[in-house]
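In our numbering, the protein residues as written are 927 to 997.
Some notes on the structure that comes next.
Rendered as structure tokens:
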């Protein structure tokens, strides 16, 4: 069983944030995954997983960070 503590929650949020940044960089620049990975110091395969997970993080974050106002 995995016990979620304050420290592990903070680490998970940091990792989600890093994955989201790699994802945004990948889509904004249109570069290869290896270039995005080199920017943050990870291998291409790690960048690929981060981009995939970053999509899920962005979906989760959009629910709390993006507010649409109806006029």
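Yeah, the Cβ is synthetic: ideal placement off N, Cα and C, and Gly gets one too.
Output needed for residue i: all residues of its chain with C-beta closer than 7 angstroms, excluding positions within five of it in sequence on either side, in chain order.
i	result
residue 980	945, 946, 948, 949
Should residue i go down as buried or exposed, given a rule of 16 or more other Cβ atoms within 10 Å for buried?
i	result
residue 956	exposed
residue 931	In this predicted model, residue 931 has a pLDDT of only 46, less than 50, meaning its place in the structure is not dependable enough to derive any value.
Taking just the CA atoms, how far does residue j sit from residue i?
i	j	result
residue 951	residue 972	14 angstroms
residue 959	residue 967	12 angstroms
residue 961	residue 970	8 angstroms
residue 975	residue 954	17 angstroms
residue 978	residue 963	13 angstroms
residue 995	residue 965	36 angstroms
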